Structure formats: structure tokens, C-alpha cells
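Structure, as C-alpha cells:
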Amino acid sequence: MEALHPKDIVFFRELLTQQLNELLSMAERTVNTLVQSGEWAAADPLDQAVMENERNYTLRIRDRESHLIKKITAALAKIEDGSFGICESCGDEIALARLKARPVTSYCIRCKTQMEAFEKVAGF
Ligand SMILES: [Zn+2]
Numbered sequence: 010m011e012a013l014h015p016k017d018i019v020f021f022r023e024l025l026t027q028q029l030n031e032l033l034s035m036a037e038r039t040v041n042t043l044v045q046s047g048e049w050a051a052a053d054p055l056d057q058a059v060m061e062n063e064r065n066y067t068l069r070i071r072d073r074e075s076h077l078i079k080k081i082t083a084a085l086a087k088i089e090d091g092s093f094g095i096c097e098s099c100g101d102e103i104a105l106a107r108l109k110a111r112p113v114t115s116y117c118i119r120c121k122t123q124m125e126a127f128e129k130v131a132g133f
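Per the numbering used here, the very first residue in the sequence shown carries number 10; after that it's consecutive.
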């Protein structure tokens, strides 16, 4: 398997930076939504229930966003220290096609498949 070409590194750095910026501006909007719904908390109980649902939904999205932000930040750190594209489990290079489909991945397809099989058996 061939190592990542410097131009691939540039490609992934740009892609990940762009994704990170998008997520950060999205996260900012989510915070604004939360602040706004807080202002309406004095409404009647039914409205409050609806807002509570919306709030939970927003928080769930935020969870996912911050999870992804962490992953992207970690991937960018790997680009900087030169370990990007290396499987964290077995140390092999991750296939370029896999990285293009999922740049934040930390594992090669073989390790990932094994983990997923294990998770299924373990009942996760
Ligand atoms: Zn691996």
C-alpha cells in the first residue's frame, strides 16, 4: 500500500478545516437556539413540554456536533504530527478510498470490521 502523497495531505487538511468551520458555525447557531428557548420558559405547561422536547433535541444534536468536532480536531492534529492515515490499532496505512469516504476515521477497514463484529457479539 502506498503512503499518502503530500497533495493528499493538503486535500484532507483543507477538507477537515472546512468541515470544522462549518460545524463550529452550526454549533454557534445551536447555542443561540438554546438561549432563545430559555427566554420562553415561562410559557404555559404544554408549551413548556414542547420546548423541553425541542431543547432535548437540540442538545442531542449538540452532542453529535461536539463529538464530530473532537474527531475532526484529532484528525487535524494527526495531519500536523504526520500520523494521519495510520490505523491506531494495527499501525497499517488506511486505504486512501476509505479516508476519502471518512476522513476522521482512526482505523483501517480490517480493524474497524473486527471491532464492529466484536461490538455486535458484545451486544452494543
Ligand atoms: Zn488496522
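We put the beta carbon where it would ideally sit given N, CA and C, even for glycine. As the structure is a prediction and not an experimental result, all values here were calculated from the model.
Ends of the alpha helix (DSSP H) at residue i?
i	result
VAL113	From DSSP, VAL113 is part of no alpha helix (DSSP H); its letter is neither H nor E.
ASP72	54-90
With a cut-off of 8 Å, does the C-beta of residue i fall near any C-beta of chain D?
i	result
GLU63	Although the question refers to chain D, the structure presented lacks it and comprises just one protein chain.
Taking the DSSP output, what are the residues bridged to residue i?
i	result
GLU102	ILE95
Out of the options, which has the shortest C-alpha to C-alpha gap to residue i?
i	options	result
ARG71	SER34, GLU97 and SER98	SER34
Under 6 Å, CB to nearest heavy atom of ligand 1: contacting residues | Matched residues: CYS96, SER98, CYS99, ASP101, TYR116, CYS117, ARG119 and CYS120.
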